[in-house]
Amino acid sequence: MIPRKTYLYLMPLCLLLAEGLSSAKAFPVFELPATDGKTYSNENFEEHEFVCIIMYSNHCTISQSFDSLIKKLADYFERKDSVLLLVSPNDEKAIIPDELAFSDVGDSFLEMKIRALKRNFNFPYLYDGSSRMISSQLNAKTTPHAFLFNKERDLIYSGRIGDYNEPENLEKSDLFQMVAGYHPGKETNVVRTKVHGTAIKTKEDVKLADQVRIRYANESVRIRRIKEETLDFFIRYNGSKPSLYHVWTHENKENRENLLALSGMFKVFRKRGVRFYTVNLDEDERLGLVSLENAQLSATNFLLSGNEVKNLLRHIPEGSTRTTPFTVIFDHHGKVIYAKIGLLDPLICKELIVETLKD
Numbered sequence: 013m014i015p016r017k018t019y020l021y022l023m024p025l026c027l028l029l030a031e032g033l034s035s036a037k038a039f040p041v042f043e044l045p046a047t048d049g050k051t052y053s054n055e056n057f058e059e060h061e062f063v064c065i066i067m068y069s070n071h072c073t074i075s076q077s078f079d080s081l082i083k084k085l086a087d088y089f090e091r092k093d094s095v096l097l098l099v100s101p102n103d104e105k106a107i108i109p110d111e112l113a114f115s116d117v118g119d120s121f122l123e124m125k126i127r128a129l130k131r132n133f134n135f136p137y138l139y140d141g142s143s144r145m146i147s148s149q150l151n152a153k154t155t156p157h158a159f160l161f162n163k164e165r166d167l168i169y170s171g172r173i174g175d176y177n178e179p180e181n182l183e184k185s186d187l188f189q190m191v192a193g194y195h196p197g198k199e200t201n202v203v204r205t206k207v208h209g210t211a212i213k214t215k216e217d218v219k220l221a222d223q224v225r226i227r228y229a230n231e232s233v234r235i236r237r238i239k240e241e242t243l244d245f246f247i248r249y250n251g252s253k254p255s256l257y258h259v260w261t262h263e264n265k266e267n268r269e270n271l272l273a274l275s276g277m278f279k280v281f282r283k284r285g286v287r288f289y290t291v292n293l294d295e296d297e298r299l300g301l302v303s304l305e306n307a308q309l310s311a312t313n314f315l316l317s318g319n320e321v322k323n324l325l326r327h328i329p330e331g332s333t334r335t336t337p338f339t340v341i342f343d344h345h346g347k348v349i350y351a352k353i354g355l356l357d358p359l360i361c362k363e364l365i366v367e368t369l370k371d
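Using our numbering, you'd call the opening residue of the sequence shown number 13 and step up by one each time.
Put into structure tokens, the structure is as follows:
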């Protein structure tokens, strides 16, 4: 008999080798961590009537559109003495910044925990990005993709979660209808529907993503001295997209964290037209340029004196005893949606930007 740990290691490899011979129909063997702090294996679900596995990606817009339906389905499965498992199959290192422009979080295990908490996922959300135990055995290529297994753990459904035009409609979900109309003991062919979404990213895609990140890291970083009228023009005519301004000096102790966070957000959201500006108040431009270069922050970087930025600093929250570092975000109507002195919060900033871009 093959030891269980050896079996868990060999099973995905064996199925990959046999991938061209037949479609995956067997219930996968796995042992994976979940966002609730537990580790789940296939043995945890042996007594359930149905087990539904949904391939889901945090950064995939179509996956996100089904969040409400997934929670409805999870509740329905629980009432049927069944279970829904959400599985993230992406290797987060294989995702390039541009692909994160429609989400406040990426696909790392930590960010999965954030998504689960914020969206109130009350079902197992498993991380499969490193081992690909489940996604390889199911030959999954796209998120979102649902796989439904009956009591005997035969695959009976493979396809979309619901209607792409009405993603919250439970009655229009082929997956729901499959469970609701299923008759045990009656021979049933596997129902397959087309899936649309985002390609699953694996270790094979990391090299390309690294090349993109290197190219972004090598972008020129410049800072230019401007006058107050120029800054006011940019503030007044911010266009139809959100804009972020960060006012700072080289003496701010938060510079490293803030500038790195801004660099990351800039590389993600510039694809969608979000404008990022840094406003350095030092007299010597070399002081600020070094910090910007270290952060690889190739956004629009300005230099002007501190008494010429009153149209930004007037948005500082009441009671603040400092003026820098200060971060303010305007929506596409010019309304302030974020104003913070000190260390900025990238998660809140990204969430606000993503929500504003939906309008």
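Built from N, CA and C at the ideal position, the CB exists for glycine as well.
Please name the residue in the options whose C-alpha comes closest to that of residue i.
| i | options | result |
| --- | --- | --- |
| GLY209 | ILE65, ALA38, GLN76 and TYR350 | GLN76 |
| ILE173 | GLY141, SER80, GLU263 and TYR228 | SER80 |
| PHE121 | ARG334, TYR139 and HIS195 | TYR139 |
| ASP166 | THR290, ASN177, PRO254 and ASN201 | ASN201 |
| THR335 | TYR350, ASP175, GLY318 and HIS345 | GLY318 |
| GLY12 | GLN223, ALA211, ILE168 and ASP222 | Residue 12 falls outside the range modelled here, since the chain spans only 13 to 371, and no answer is possible. |
| SER69 | PHE278, THR155, SER147 and PHE89 | THR155 |
| ARG234 | GLU305, ASN162 and PRO45 | GLU305 |
| GLU199 | ASN162, GLU216, LYS213 and SER170 | ASN162 |
| ARG284 | LEU369, PRO101, ILE107 and ALA152 | LEU369 |
| PHE342 | GLU367, GLY354 and ASP294 | GLU367 |
| HIS262 | MET67, PHE246 and LEU293 | LEU293 |
| TYR213 | PHE135, LYS239, ASP93 and LEU112 | Note on residue identity: the sequence assigns Lys, not Tyr, to residue 213. Of the listed residues, the one whose Cα sits closest to LYS213 is LEU112. |
| ALA273 | MET145, ASP175, THR73 and LEU356 | LEU356 |
| ARG144 | ASN102, ASP119 and LEU160 | ASN102 |
Within 10 angstroms of its Cβ, does residue i collect 16 or more other Cβ (buried), or is it exposed?
| i | result |
| --- | --- |
| ILE226 | exposed |
| ARG127 | buried |
| ALA229 | exposed |
| ASN132 | exposed |
| PRO337 | buried |
| PRO329 | exposed |
| GLY141 | buried |
| CYS290 | Looking at the sequence provided, one finds Thr at residue 290 rather than Cys. Burial call: buried. |
| ALA46 | buried |
| SER252 | exposed |
| SER255 | buried |
| PHE78 | buried |
| VAL129 | Note on residue identity: the sequence assigns Leu, not Val, to residue 129. When all chains shown are included, LEU129 counts as exposed. |
| PHE89 | buried |
Look at the Cβ atom of residue i, then the Cβ atom of residue j, and state whether they are nearer than 8 Å.
| i | j | result |
| --- | --- | --- |
| LEU187 | ALA221 | no |
| GLU231 | SER310 | yes |
| PHE39 | ASN56 | no |
| LEU324 | ARG236 | no |
| GLN223 | SER275 | no |
| VAL99 | ILE66 | yes |
| PHE62 | VAL191 | yes |
| LYS322 | LEU182 | no |
Report the rounded CA-to-CA distance for residue i versus residue j, giving the unit in angstroms.
| i | j | result |
| --- | --- | --- |
| LEU97 | LYS279 | 33 Å |
| ARG298 | PHE288 | 20 Å |
| TYR137 | ILE82 | 12 Å |
| THR339 | LEU364 | 13 Å |
| VAL95 | ASN250 | 48 Å |
| ASP296 | LYS362 | 31 Å |
| ASN177 | LYS206 | 14 Å |
| MET124 | THR312 | 32 Å |
| GLU59 | ASP93 | 9 Å |
| LYS239 | HIS258 | 16 Å |
| PRO179 | SER332 | 44 Å |
| LYS215 | HIS327 | 45 Å |
Does at least one heavy atom of the ligand GDP sit under 7 Å from the Cβ of residue i?
| i | result |
| --- | --- |
| LYS125 | The ligand GDP is absent from the structure shown, which contains no ligands of any kind. |
Which runs of the alpha helix (DSSP H) spanning at least 4 residues fall entirely within the stretch 68 to 118, listed in chain order?
-> 73 to 77 and 79 to 91
Residue ranges of each alpha helix (DSSP H) run of no fewer than 4 residues wholly in the stretch 134 to 196, ordered along the chain?
-> 145 to 149 and 186 to 192
Scan the stretch 293 to 357 and note each continuous beta strand (DSSP E) run of 3 residues or more that stays entirely inside, going in chain order.
-> 312 to 315, 338 to 342 and 348 to 353
Whole alpha helix (DSSP H) elements within the stretch 207 to 283, 4-residue minimum | 218 to 229, 240 to 248 and 267 to 281
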